[in-house]
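Just below is one structure, and these are the notes that go with it.
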Amino acid sequence: MIERAWQSELAAMITAQEAKWINFRRRLHQNPEPSGHEYQTSLAIYQELSSLGVDLRMGPEGRGVLSDWRTPHVEGLDEAIAIRGDIDALRIQDQKEVPYQSQCPGLMHACGHDAHATMALWATTLIVELDRAGALPWPLRLRSIFQPAEETCIGALEMISAGALKDVREIYASHVDPTLPTGRIGLRVGALTASCDAVRILIHGQGGHGARPHESRDPIAASAQLINALYLSIPRVTDSQDAVVLTFGRIHGGENLNVIPEQVELFGTLRTLDTDVRQRTIDHIHRITAGIQRATDTTIEVCFDVGTSAVINQAKPISRLKSAIVESFGHEAIYEIPRASMGGEDFAFYLDHVPGAMARLGCRPPAVDRAPLLHSPMFDIDEAVLAIGARMLASAVIHAFEPTQAHEQL
142 MIERAWQSEL AAMITAQEAK WINFRRRLHQ NPEPSGHEYQ TSLAIYQELS SLGVDLRMGP
202 EGRGVLSDWR TPHVEGLDEA IAIRGDIDAL RIQDQKEVPY QSQCPGLMHA CGHDAHATMA
262 LWATTLIVEL DRAGALPWPL RLRSIFQPAE ETCIGALEMI SAGALKDVRE IYASHVDPTL
322 PTGRIGLRVG ALTASCDAVR ILIHGQGGHG ARPHESRDPI AASAQLINAL YLSIPRVTDS
382 QDAVVLTFGR IHGGENLNVI PEQVELFGTL RTLDTDVRQR TIDHIHRITA GIQRATDTTI
442 EVCFDVGTSA VINQAKPISR LKSAIVESFG HEAIYEIPRA SMGGEDFAFY LDHVPGAMAR
502 LGCRPPAVDR APLLHSPMFD IDEAVLAIGA RMLASAVIHA FEPTQAHEQL
């Protein structure tokens, strides 16, 4: 591995600053905010960036931050490379016994967004400080996006509407991965995550006394039949080589144990890797629902709310990440991801507009065989991943402006 002069300077800066950014991540971890309420998180990021002298804008309604930096006194930097970190937390009770445990009951950074935001912020700082010191090998232009509401799949759209992708030609992001040891970086060309649609089904029946179900049209019985029919039928009408996951995570109906309610609501998600498979599955759900509706004499409404498409990593941005990773950490750091995750990620919305890629950063301590998974009340990261992610993102941005590559068509 041949290290360039700017890489050596970058590595030295990371070593000197690591303790600061670990503390910043812990501050975010202690003070999580759920999707749609990321005001103090946004303010903390804004305050850190304001000392750098970058151009700053708050996101819609004071949630999220956009920052811009371009090498001063250089002409021709018409397009930026963007990096994105998400900032929202989940409604999960933090059960870890650590000094930086969440101080907000029922809220927790259980998906690593505190780490993603810290890495993007640190990478931004590194690039600006290198540029100001005259240590960058060539001029560049950076857009940093600190995005709210990833978990509800609306934050990326909000930031795009606020101009996050104006004059951007590529975008990069990372996501921590507790199934990989720290130091391994997962890359994949093509589908990385699944599309994810929110499914809401409303079953209208006729309420009645629990002792006389024959006098009612029981929506609870209809919901049980519908869930069972969907779970049994969808795999039988889907090609076994096409990935489809339909899961209901919430059911609400009734208030009394001896009363048949008027209606039941089902909430779930539909995940696929292919747009055609996605549409065929939606059609199957409507057809199966119509059959249950007739069989139970109920009225059933099916709604598919705003979701996200699959994250599709493109070859050129992945190649850029590989160059940055190999130069920084060596070939052995790269893990070729064999198949896509069925999790959803609204980073896909950015990729609908510009080329880009997301990497998965191992965050499991190397000495540990198994770590708590994402969205777990015990989730945590090996904080050494922060330096890895910040260096990878900063290096990828710098590589993207190398004179021999800057004007390639992606």
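Sequential numbering from 142 applies to the sequence shown in our numbering. We put the CB at the ideal spot given by N, CA and C, even for glycine.
When you compare only the Cα positions, how much space is there between residue i and residue j?
i      : j      : result
Ala537 : Asp272 : 15 Å
Ala552 : Met260 : With the chain represented from 142 up to 551, any question about residue 552 goes unanswered, as that position is not in the structure.
Leu193 : Leu328 : 31 Å
Ile326 : Ala498 : 13 Å
Ile475 : Thr323 : 11 Å
Ala535 : Gly275 : 15 Å
Met199 : Ala221 : 18 Å
Pro240 : Thr430 : 50 Å
Trp279 : Arg341 : 51 Å
Ala547 : Asp219 : Its pLDDT being 48, under 50, Ala547 is placed unreliably in this model, and the coordinates cannot settle the point.
Phe165 : Ile155 : 14 Å
His316 : Ser149 : 25 Å
Arg225 : Ile361 : 43 Å
Cys337 : Ser482 : 11 Å
Glu356 : Asn397 : 17 Å
Ala339 : Val215 : 46 Å
Thr293 : Thr416 : 20 Å
Asp308 : Glu468 : 28 Å
Pro201 : Ala314 : 21 Å
Pro544 : Gly217 : 12 Å
Ile295 : Arg428 : 29 Å
Glu159 : Ala152 : 11 Å
Asn399 : Glu189 : 57 Å
His425 : Thr449 : 20 Å
Ala465 : Met533 : 6 Å
His350 : Leu367 : 22 Å
Glu473 : Val509 : 19 Å
Can you list, in chain order, the residues of its chain whose CB lies under 7 Å from that of residue i, leaving out five sequence neighbours each side?
i      : result
Gly247 : Arg232, Gln234
Ser517 : Ala251
Ala230 : Pro173, Glu174, Pro175, Leu248, Met249, His250, His254
Pro354 : Ile401
Ile459 : Leu328, Val330, Ala498
What does a CB cutoff of less than 8 Å around residue i pick up in its chain, not counting 5 residues either side in sequence?
i      : result
Ile186 : Val206, Ile228, Ala258, Leu262, Phe287
Gln181 : Asn172, Glu174
Arg358 : Gly346, Gln347, Thr437, Asp438, Thr439
Leu514 : Pro319, Thr320, Phe520
What residues match up with residue i in a beta bridge as DSSP calls it?
i      : result
Cys337 : Arg412, Thr449
Tyr313 : Ile224, Ala498
Thr440 : His345
Met199 : Val206
Asp318 : Gly503
Glu406 : Leu343, His393
Leu328 : Glu477
Pro513 : DSSP lists no partner for Pro513.
Pro175 : Ala230
Arg211 : Arg282
His425 : None, per the DSSP bridge assignment.
His350 : Val400
Beta-carbon separation of residue i and residue j under 7 Å?
i      : j      : result
Thr413 : Val385 : yes
Ala370 : Ile344 : no
Leu298 : Phe488 : no
Gln171 : Gln236 : no
Gly346 : Thr439 : yes
Asp380 : Gly503 : no
Val195 : Ser183 : no
Ala290 : Gly177 : yes
Gln455 : Pro496 : yes
Leu281 : Thr212 : yes
Trp210 : Leu277 : no
Ala335 : Gly485 : yes
Ala264 : Ala531 : yes
Ile522 : Ala146 : no
Gly409 : Gly390 : yes
Go through its chain and collect everything with a Cβ distance to residue i's Cβ below 6 Å, but skip five positions before and after it.
i      : result
Ile539 : none
Ile392 : Leu407
Val418 : Asp383
Gln242 : Asp235
Ala525 : Thr323
Ile143 : No answer about Ile143 holds up, because its pLDDT of 48 lies below 50 and its placement is not dependable.
His494 : Leu306
Which residue spans inside the segment 220–302 form an unbroken beta strand (DSSP E) run of at least 3? 221–227, 282–288
Restricting to runs no shorter than 4 residues, where is the alpha helix (DSSP H) found entirely within the segment 453–482? 456–470
Complete beta strand (DSSP E) runs within the segment 359–402 (minimum length 3 residues, chain order): 385–393
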